[in-house]
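**Student:**
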Amino acid sequence: MTKLKNVIMFYNYFKISIRNIRKHKLFSFINVFGLSFSLSICLIIIMLLADQFSYDRFNTEADGIYRINHTRSDLDAIVEGMATSPMPLAEELARKYTGVSSYTRLTRGFGNGWVKLMQDVNIPLSGFFADPSFFNMFQYEFEYGNSETALLEPYSVVLSKETAEKLFNKENPVGETIIVGELGSYKVTGVLKRIEGKSHIKFDGLASMATLESLVKKETLPENLMSWRNRSWTWTYVKLEENIEPETIEKNLAIISDEQYGAMDDMDAEFYLQNIRAISPGPMIGNQIGPGIPMIFVYFLAGMAIVVIVSSCFNYTNLSIARSLNRAREVGIRKVFGAVRFQILMQFLTESIIISVLAFVFSLGIVQLMEPIFLDLNFSQLLDWNLNQSLEVYLICLAFSIAVGFLAGIVPASFHSSVRALQALKNLSGVKVFSKLGLRNALIVAQFGLSVFLVITVKLIYDQMNFMVDSDYGFEADNIVVVKLNNTDSNQLKHELLTYPEIRSVSAAGFVPASGSSTSTTVLIDKVEKELQYFEVDEDYVENMGLTLVAGSSFTKDINQRKLVINEEASTSFGYPHPLDAIGQIVVLEDSISYEVIGVMKNYNHETFLSSIKPMALIYNPKEFGILQVRVNSSSYEQAIESIETAWEKVNPDLKIEYKLMSDEIAFFADLMFGDLTKIVSFISFLAIIIACLGLMGMVVFSTQSRLKEVSIRKVLGASNQALIFILSKGFAKLLLLAVIISVPLTWVINNSWMNFIAFRVEIGAGVMLFGVAIVAVLGLIVVGSQTWQAANTNPSKVLRDE
């Protein structure tokens, strides 16, 4: 009987809630609209996080599989460690100690990298060199071939199903051959089945580890690849024996580290284990093997979701309290007829949850519309992001929407249910929090303060992105076309290009400066280890890039071997305050090779503006040349491009050419860093402002409707429309002013704190602040003015005819 009463009671709550939603259309529209868009943002974030947390969940033995990472003394504070380790480590650990049942290694260098940047279009795949044990540890099944023997022989390769279908027009390509650039020809020995899930290891093909010895002898790969000194080329995974704790293995790793690095003055490494399910999302670790997001990004996304949803919850809470006058009699009559506080509470919570669920239904459609836009973002494509739309995720999203409805409704529900019956039949507008500031006013101030913060933040991010693109980096990037060599002979192509009149000069380098790529090493100066970044360049680089030498000279065709041209920062770091003092000095790189300093150049931003100028050197090393930097005549750009393509056809008729303006390369990296962030925060700012304005409009409507008699009487007594608009608007104008006063200093502090991590940054000036304040203030005043103008123009006779 009790259960039946409860069912009837909840049905009654539901029915009354639907009636209220239909009766108060403006109130319902504002809340459903705001919650729909807010929930759609939150659902996308939930789906993205669900996708990221799905990495390696398909592996039934993942709990016992760990990657060996390492940390060292020269890492930046923001990075907790490096995902790589020396190649001999796994064999040493398995040979000397117990606790590891099996291990496998992956080594970079086979084909393109997994990141879709600086890839060779003439190489058909990306991947790694791998041990045969990889397939068993990570539970990959073969469509064709044998997992035990597929990677035993040198120059053998196993392809993913997708890659095999792309490269070969046949069902079973085992036995076929593919050419992988300068790495040679590889025999296909297996094809993998598609996996049911996502792995943090992304590859098109895996070549046999047995191939490495041959490639090192040919000097195709670094000579120290298989030594303890190389800590950056190999990823090592171990599977622990049952009942073995990771701490036990880490103690053994500490012993090995001390044995190998204890006597070294210029290198150190401390190894530790990381479970594969803790890789993505996980801590900020460098040298990752595949896509994923650090946990700090999860917190950022969660914070953005909270910002958006809280703004919509403010609207519901605000408007519900504003409607307290209209619903006071309803509450009072219910209590007079015996309703207890819990029943009143449940009535209002039911209404709130129904509105939230309605918004959830609309948000599903918005998600489908926004999904292609989200997946088109640079980071989505670069990091292989997807939205997990499984049934489980949708159920989580539904539960989230119900929780939002509960949180949005709990304050007004508690407010109404706590009032006594006699008080409920009176005016409730005097309820105050925060001293003399009413709860409704506090929420308006919070909403518009948040809007000011978001608008100013968007402006700062946009200005910082433009600053990185338009500022002077210290070299001449205009009119330079970057041509990727892709294993083409740099000298041959360079000489061919210089025969065309549209080409002014050509230089070779390892990669484009200020585009997100850098290489570093350690050097010994008077037995003191220092960090040094370096660029591989030819003898024409300094002149072609417009760099300025302050002492010494640059490379020549005859003077280049084991010579360095360093920047002023390196000269100072090495202990030579005057550039001339550095000329002729000897520095020793980590591979124990001595180099003579022959020149000192003026500092320029070889990295992005995110980092300060660090000690850097130019090194002559033709083996590492990856690009040609072709300076063309600005007046004949199209002819120059035709000349570049013609020259390439003569030198490399069988390969595709890749080229891009250097300024576009630099701009692309700036867009990659800040472009997506600008778009995301701009959209959220727009949404927050719209929601805030809708909430303010609802508040103004309820306020003016409750004061229509006052307005009419004032009008009869001779008040002008302008005076009435001023009277009705001044309270809301004060709230907007208070929001500005509170939010501006907080906005400065918060944005200044994160921008301090950027070495070369824009300043947070008064113009930026005024821009944000003006946008929000104008929109707010338009909303207030339009509604108060409408109220001021009301016909008094219609309002007062029943009095």
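In numbering that gives the first Met the number 0, the protein residues as written are 0 to 802. Cβ coordinates follow ideal geometry from the N, Cα and C atoms, glycine included.
Just curious, the beta strand (DSSP E) that residue 506 is in, first and last residue?
**Tutor:** 502-508
**Student:** Quick one: grab the DSSP three-state call for residue 152.
**Tutor:** coil
**Student:** Quick check: the Cα distance between residue 759 and residue 50, rounded to an integer number of angstroms?
**Tutor:** Each residue's alpha carbon lies about 35 Å from the other.
**Student:** Does the region 656-668 come into contact with the region 269-279, if we say contact requires no fewer than three beta-carbon pairs (one atom in each stretch) closer than 8 Å?
**Tutor:** no
**Student:** With distance defined between alpha-carbon atoms, name the residue in 449, 312, 639 and 102 nearest to residue 683.
**Tutor:** 449
**Student:** Excluding the 5 residues flanking residue 132 on each side, which residues of the same chain have their C-beta closer than 8 Å to its C-beta?
**Tutor:** 101, 102 and 103
**Student:** Does residue 711 pass the burial test, meaning 16 or more other C-beta atoms within 10 Å, or should it be called exposed?
**Tutor:** buried
**Student:** Put residue 853 into one of helix, strand or coil per three-state DSSP.
**Tutor:** Residue 853 lies beyond the range of the chain shown here (0 to 802); nothing can be said about it.
**Student:** Exposed or buried, residue 298, counting other C-beta atoms within 10 Å across all chains shown (16 or more means buried)?
**Tutor:** exposed
**Student:** Pair every Cβ in the region 15-28 with every Cβ in the region 675-682, then say whether three or more of these pairs are closer than 8 Å.
**Tutor:** no
**Student:** Is the separation between the beta-carbon of residue 255 and that of residue 151 shorter than 9 Å?
**Tutor:** No, the pair does not count as a contact, with Cβ atoms beyond the cut-off.
**Student:** Indicate whether the contact test is met: 3 or more Cβ pairs, each with one atom in the region 574-583 and one in the region 728-743, closer than 8 Å.
**Tutor:** no
**Student:** First and last residue of the alpha helix (DSSP H) that includes residue 702?
**Tutor:** 675-705
**Student:** Would you mind sorting residue 189 into buried or exposed? The rule is 16 or more other CB atoms within 10 Å of its CB.
**Tutor:** Flag for residue 189 reads buried.
**Student:** Taking its Cβ as the centre, do 16 or more other Cβ atoms sit within 10 Å of residue 11, making it buried, or is it exposed?
**Tutor:** exposed
**Student:** Span of the beta strand (DSSP E) holding residue 595?
**Tutor:** First-last of the beta strand (DSSP E) with residue 595: 593-600.
**Student:** Could you tell me which residues DSSP pairs with residue 207 in its beta bridges?
**Tutor:** 129
**Student:** For residue 68, name the three-state secondary structure that DSSP assigns.
**Tutor:** strand
**Student:** Among residues of its own chain, excluding the 5 on either side of residue 651, which ones have a beta-carbon nearer than 6 Å to its beta-carbon?
**Tutor:** Cβ neighbours of residue 651 beyond the five flanking positions: 487.
**Student:** State yes or no: is the C-beta of residue 355 within less than 9 Å of the C-beta of residue 304?
**Tutor:** No, Cβ-Cβ distance for residue 355 and residue 304 is not below 9 Å.
**Student:** Spatial neighbours of residue 557 within its chain, please: C-beta separation below 6 Å, excluding the five flanking residues on both sides.
**Tutor:** none
**Student:** Within 10 angstroms of the Cβ of residue 470, are there 16 or more other Cβ atoms? Answer buried if so, exposed if not.
**Tutor:** exposed
**Student:** Go through its chain and collect everything with a Cβ distance to residue 795's Cβ below 6 Å, but skip five positions before and after it.
**Tutor:** 711, 714 and 715
**Student:** Considering Cα atoms alone, identify which of 601, 560 and 444 is closest to residue 571.
**Tutor:** Among 601, 560 and 444, the Cα nearest to that of residue 571 belongs to 601.
**Student:** Should residue 402 go down as buried or exposed, given a rule of 16 or more other Cβ atoms within 10 Å for buried?
**Tutor:** Here residue 402 is exposed, its C-beta having fewer than 16 other C-beta atoms within 10 Å.
**Student:** In whole angstroms, what is the alpha-carbon distance linking residue 379 and residue 677?
**Tutor:** 15 Å
**Student:** Can you check the region 182-260 for any beta strand (DSSP E) of at least 3 residues that lies completely inside it and give the ranges in chain order?
**Tutor:** 184-191, 204-207 and 233-239
**Student:** Taking C-beta to C-beta, are residue 585 and residue 596 nearer than 9 Å?
**Tutor:** yes
**Student:** Across which residues does DSSP place residue 109 in a beta bridge pair?
**Tutor:** 126
**Student:** Among the residues of its own chain, which have a CB less than 7 Å from the CB of residue 164, if the five just before and after it don't count?
**Tutor:** none
**Student:** Does DSSP put residue 298 in a helix, a strand or coil?
**Tutor:** helix
**Student:** In chain order, what residues of the same chain lie with their CB nearer than 7 Å to the CB of residue 127, ignoring the 5 residues before and after it?
**Tutor:** 105, 106, 107, 109, 202 and 205
**Student:** Identify every residue that forms a DSSP beta bridge with residue 81.
**Tutor:** 69 and 285
**Student:** When you compare each of 691, 248, 522 and 626 to residue 615 by their alpha carbons, which one comes out closest?
**Tutor:** With distances taken between Cα atoms, residue 615 lies closest to 522.
**Student:** Between the alpha carbons of residue 67 and residue 673, how many angstroms are there, rounded?
**Tutor:** 32 Å
**Student:** Let me see if you follow: with CB-CB separation under 9 Å, is residue 253 close to chain B or not?
**Tutor:** Given the protein chain composition of this structure (a single chain), no chain B is represented.
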